[in-house]
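2 protein chains.
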Amino acid sequence: MSNKDQLKAELADMPPAQSGRKPRKERRALADIRQENVTHIISTAERLFAEKGFSGTTLAAIAEVANLPKANVLYYFHNKAGLYQAVLDHILLVWMDDMKSMTEDVHPKEALRNYILAKVQQSKEYPHASKIFATEVIHGAENIRELLGGKLKQQFLDTCRVIRSWIAKGWMDPINPEHLLFMLWSSTQTYADFSAQITTLLGKADMADEEYENAVELITRVVLKGCGIRTV
Amino acid sequence: MSNKDQLKAELADMPPAQSGRKPRKERRALADIRQENVTHIISTAERLFAEKGFSGTTLAAIAEVANLPKANVLYYFHNKAGLYQAVLDHILLVWMDDMKSMTEDVHPKEALRNYILAKVQQSKEYPHASKIFATEVIHGAENIRELLGGKLKQQFLDTCRVIRSWIAKGWMDPINPEHLLFMLWSSTQTYADFSAQITTLLGKADMADEEYENAVELITRVVLKGCGIRTV
DNA sequence: CCACCTTCTGACCAAATGGTCAGAAGGTGG
DNA sequence: CCACCTTCTGACCATTTGGTCAGAAGGTGG
Chain A
102 MSNKDQLKAE LADMPPAQSG RKPRKERRAL ADIRQENVTH IISTAERLFA EKGFSGTTLA
162 AIAEVANLPK ANVLYYFHNK AGLYQAVLDH ILLVWMDDMK SMTEDVHPKE ALRNYILAKV
222 QQSKEYPHAS KIFATEVIHG AENIRELLGG KLKQQFLDTC RVIRSWIAKG WMDPINPEHL
282 LFMLWSSTQT YADFSAQITT LLGKADMADE EYENAVELIT RVVLKGCGIR TV
Chain B
102 MSNKDQLKAE LADMPPAQSG RKPRKERRAL ADIRQENVTH IISTAERLFA EKGFSGTTLA
162 AIAEVANLPK ANVLYYFHNK AGLYQAVLDH ILLVWMDDMK SMTEDVHPKE ALRNYILAKV
222 QQSKEYPHAS KIFATEVIHG AENIRELLGG KLKQQFLDTC RVIRSWIAKG WMDPINPEHL
282 LFMLWSSTQT YADFSAQITT LLGKADMADE EYENAVELIT RVVLKGCGIR TV
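Note that the protein sequences, when read in sequence, are chains A and B. For the first sequence, our numbering begins at 102 and goes up steadily by one. For the second sequence, our numbering begins at 102 and goes up steadily by one.
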């Protein structure tokens, strides 16, 4: 099971709607209570951190939205920084999954197409994750240094090597793999991070599915043709 | 004189280095004092807001870095929000300048090339501006609603129309102008906003000029060819 | 030199915020 | 049912932070 599937399963498990009420009457097993609350707090915090940033989000706000007393939030996460780190860990699970699908054997025509589709879908399904990640990097990436310089870098270097092999095989033009990846990341993630700008400029209240499709179509077309990858 | 030139001139006027000392002994004309301090405070605040975000930046920190008493900062900007807005205004001056160079008459081969170059240079020269803008949009763009829905949107629509005219002239493939612009913005601004990630992955301490050149070269090549613009 | 500005500043304050804690409430296993 | 966990919570606290203010210091124009 991929990290992303795992996250999806968690989301599905979430208390349905909760709708502001605090049912909390049925007897819950101790073992469940902890996991349930931790998950609930993390996903609430994730939303707020994405909307307001770390410093802009107060524990009181998280507690209120999660419909729990502040002290209870602090019972599970001993301090704000700890909660933030937990949110980051939760998010980063999903982050590098998609790159793995780019391998030497697959023709870039397929591999890049799938990757772009996956990244745009990620922006659509987990916009909070993307926003927190983006804000974190913009502010210096101090809390994700380890990941950036470690697993992500490894993945990045591997993928660059794959792209070079594609070039060597004559499957695409000799372009700079590092910057190509930067281009892919930025142009896909922008649909999560900059959605406020995009919707305003497109004159829509929120991103319709159609626009994500247009995005995938445009990015795929420009990148494939731009890299000299024949698609016929 | 373009907005950007204006900003450059201001930067040049800045007290040279200041180097932590507080000379402030020579007699200064009242008229100068205000403008000088306002500029100095804004540029200091700009750096800190870019690094730590609005809520993460304290007035005390701004005052300390600016080497002024906090009360003095508040003498010029009556509250933190006002200072932030002033910083935003200062930044946004420069923001839309470059798009103006894309017109119907210019062949996209030149126009896009110049635009990409200008945007990457902007990322290099004014990374703080880009970061503040990005964070602002990520967090909902509440403080720049007016600009987004007003002048920027106008400029955006105009430029889309220009691109459509290029397509009508047969100068490029029929691609989606809106999403092409999103792609151009994101892939160029990423060199400011995500510099922490990029330098880490490239294994450099900071962005060398060479990398900006590689970025321009890659983006230009992929976009021009990807849009079916013949460059010979 | 003087009356009148603008600029500057330390001292102060109320509110917000992260975090603590003692003890109540609830679940568990024998 | 009971001793022993874990979970829950209101009350409380120290610190941080944005912001005020009275009055000192500095510049200006006559």
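Backbone N, C-alpha and C fix where the C-beta goes; we use that ideal spot for every residue, glycine too. Note that this is a predicted model, so its numbers are computed, not measured.
Query                                                                                                                                                                                                   : Result
Closer than 6 angstroms by C-beta to A212(B): which residues in its own chain qualify, once you throw out the five before and the five after it? Chain order, please.                                   : M203
By a C-beta neighbour count over all protein chains shown, 10 Å radius and 16 as the cutoff for buried, is L131(B) buried or exposed?                                                                   : exposed
Could you have a look at A306(B) and say whether DSSP puts it in helix, strand or coil?                                                                                                                 : coil
For the region 247-258 of chain A against the region 292-303 of chain A, are there 3 or more C-beta pairs whose distance is under 8 angstroms?                                                          : no
So is H280(B) in contact with chain A if we call contact Cβ pairs under 8 angstroms?                                                                                                                    : yes
Going by C-alpha to C-alpha distance, which of L194(B), Q136(B), E243(B) sits closest to A182(B)?                                                                                                       : E243(B)
Going along the chain, which residues of its own chain have a beta-carbon closer than 6 angstroms to the beta-carbon of R214(A), five neighbours each way excluded?                                     : T321
Within the same chain, show all residues whose beta-carbon is closer than 8 angstroms to that of R125(B), passing over the 5 residues directly before and after it, in chain order.                     : Model confidence at R125(B) stands at a pLDDT of 39, short of 50, so the residue's coordinates are unreliable; what they give is reported in the following sentence. There are no such residues.
Would you tell me roughly how many angstroms separate the C-alpha atoms of K232(B) and R128(A), rounded to the nearest one?                                                                             : 49 angstroms
Among the residues of its own chain, which have a CB less than 7 angstroms from the CB of M273(A), if the five just before and after it don't count?                                                    : P209, W267, C328, G329, I330
Would a check of beta-carbon distances place M213(B) closer than 8 angstroms to chain A?                                                                                                                : Per the sequence presented here, residue 213(B) reads as Leu, with Met not at that position. It does not; no Cβ of chain A falls within 8 angstroms.
Among E226(B), A297(B), V207(B), A172(B), which one has its Cα closest to the Cα of W196(B)?                                                                                                            : E226(B)
Starting from the C-beta of L253(A), find all residues in its chain whose C-beta is less than 7 angstroms away, skip the five residues before and the five after it, and write them out in chain order. : M197
Based on Cα-Cα distance, which residue from F150(B), V333(B), P278(B) lies nearest to L319(A)?                                                                                                          : P278(B)
Is R291(A) helix, strand or coil when you go by DSSP?                                                                                                                                                   : Note that residue 291(A) corresponds to Thr in the displayed sequence, not to Arg. Of the three classes helix, strand and coil, the one that applies to T291(A) here is helix, per DSSP.
By alpha-carbon positions, which one of E165(A), S156(A), I163(A), Y176(A) ends up nearest to I134(A)?                                                                                                  : Y176(A)
Between the region 195-221 of chain A and chain B, which residues of the former have CB atoms less than 8 angstroms from a CB of the latter, in chain order?                                            : none
Measuring straight from C-alpha to C-alpha, what distance separates Y292(A) and A161(B)?                                                                                                                : 36 angstroms
Residues in the region 141-159 of chain B with C-beta within 9 angstroms of chain A's C-beta atoms, listed in sequence order?                                                                           : A151, E152, K153, G154, F155, S156, G157, T158
Indicate the three-state DSSP secondary structure (helix, strand or coil) for G183(B) in the structure shown.                                                                                           : helix
Since L281(B) contacts I264(B) with CB under 8 angstroms, what's their CB separation in whole angstroms?                                                                                                : 7 angstroms
Just checking H141(A) against the ligand ADP - is the residue's beta carbon closer than 7 angstroms to any of the ligand's heavy atoms?                                                                 : This structure does not include the ligand ADP; it has no bound ligands of any sort.
Show which residues of chain B have a CB atom less than 7 angstroms away from the CB atom of L303(A).                                                                                                   : E279
Measure the C-alpha to C-alpha separation of L194(A) and A316(B) and round it to an integer number of angstroms.                                                                                        : 29 angstroms
Should K254(B) be flagged as near chain A, meaning a C-beta pair shorter than 8 angstroms?                                                                                                              : yes
Using only alpha-carbon positions, find the residue among D206(B), K171(B), D294(B) that is nearest to A151(B).                                                                                         : D294(B)
Cα-Cα, which of Q255(A), Q290(A), A146(A), G271(A) is closest to P228(A)?                                                                                                                               : Q290(A)
Answer yes or no: does any C-beta atom of chain A fall closer than 8 angstroms to that of D310(B)?                                                                                                      : no
Check whether the Cβ of F283(A) lies closer than 8 angstroms to any Cβ atom in chain B.                                                                                                                 : yes
What residues of chain A sit near Q298(B), judged by a beta carbon separation below 7 angstroms?                                                                                                        : V238, A242, L249
Name, please, each residue of chain B whose Cβ falls closer than 7 angstroms to the Cβ of N271(A).                                                                                                      : Note that residue 271(A) is Gly in the sequence shown, not Asn. Ordered by position in chain B, no residue passes the 7 angstroms Cβ test against G271(A), which lies about 16 angstroms from the chain.
Give the interface partners of T332(B) over in chain A, defined as CB-CB distance under 8 angstroms, in chain order.                                                                                    : In chain order: nothing, as chain A lies at least about 12 angstroms away.
Answer with yes or no whether the minimum CB distance from D259(B) to chain A is below 8 angstroms.                                                                                                     : no
If we cut at 8 angstroms on Cβ distances, does K225(A) have a partner in chain B?                                                                                                                       : no
Taking buried to mean at least 16 other C-beta atoms within 10 Å of its own C-beta, is M102(A) buried or exposed?                                                                                       : Any reading at M102(A) must be qualified, since the residue scores a pLDDT of 46, below 50, and its modelled position is unreliable; no value is offered.
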